[in-house]
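With my numbering applied, the sequence shown covers 538 to 661.
Single-structure report; data block below.
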Amino acid sequence: MASVKIFVECDPDVRLARRVIRDSTERNLSLEHIFDQYVRFGKPAAEIAIQPTKVLADIILPRGAEGPGIELIAHGVLDDLKQLKGKKAGPGHTLALYPTTTTTTLKEADLVGTTSSLAYYETV
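Listed below in structure tokens is the structure:
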């Protein structure tokens with residue numbers, strides 16, 4: 538299976554909205570504190586550490602996981618997994634496919650094996 542680098546682009550307003558929802562409900566932080574943290578740390582980190590990796594990506598999803606790109610990737614991964622069923626994934630590790638439906642929501646599933654931290658994706 539080929540190594541593919543995927544960049545999932547997220548609008549800064551969406552990032553901030555998600556952060557406000559998460560931090561206000563899960564961490565019980567004030568809006569003032571959330572905005573301060575975002576401006577001081579979140580936004581600069583995205584601009585310095587995340588955005589520059591976009592040029593390294595093989596695939597860019599400009600609308601994040603919301604657009605049709607995620608479906609194409611999911612179907613491509615499934616096709617690759619079906620072709621590899623029963624073949625060796627690496628030294629001492631065999632790929633195992635689980636029964637799937639045709640939805641395109643992805644979750645991570647481990648490779649069958651004893652010492653590998655490798656993973657592949659299956660539809661759920």
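Even glycine gets a Cβ: it sits at the ideal position worked out from N, Cα and C.
Open item on the list: Give me, in chain order, the residues of the same chain whose beta-carbon lies closer than 6 Å to that of Asp595; leave out the 5 immediate sequence neighbours on both sides.
Closed with: Val541 and Lys542
Open item on the list: Less than 6 Å between C-beta atoms, sequence neighbours within five positions excluded: which residues of the same chain meet that for Val557?
Closed with: Ile571
- [ ] Decide if the segment 572 to 589 is in contact with the segment 545 to 560; the criterion is three or more beta carbon pairs, one per stretch, under 8 Å apart.
- [x] yes
TODO: Please confirm whether Ala602 and Arg552 have their CB atoms less than 8 Å apart.
DONE: no
Task: Cα-Cα separation, Asp550 to Gly579 - done: 12 Å
Task: Where Leu566 sits in the DSSP three-state scheme - done: coil
TODO: For Leu618, count neighbouring Cβ atoms within 10 angstroms of its own Cβ and tell me buried if that reaches 16, exposed if not.
DONE: buried
- [ ] Taking only the alpha-carbon atoms, compute the straight-line gap between Asp616 and Pro589 and give it to the nearest angstrom.
- [x] 31 Å
TODO: For Val614, name the three-state secondary structure that DSSP assigns.
DONE: helix
- [ ] Would you mind working out which of Gln620, Lys591 and Glu608 sits nearest Glu546, comparing C-alpha positions?
- [x] Lys591
Task: Ile610 versus Ile597 - alpha carbon distance - done: 11 Å
Open item on the list: Rounded to the nearest angstrom, what separates Pro581 and Ser567 at their Cα positions?
Closed with: 21 Å
Open item on the list: To the nearest angstrom, how far is the alpha carbon of Ile607 from that of Pro599?
Closed with: 11 Å
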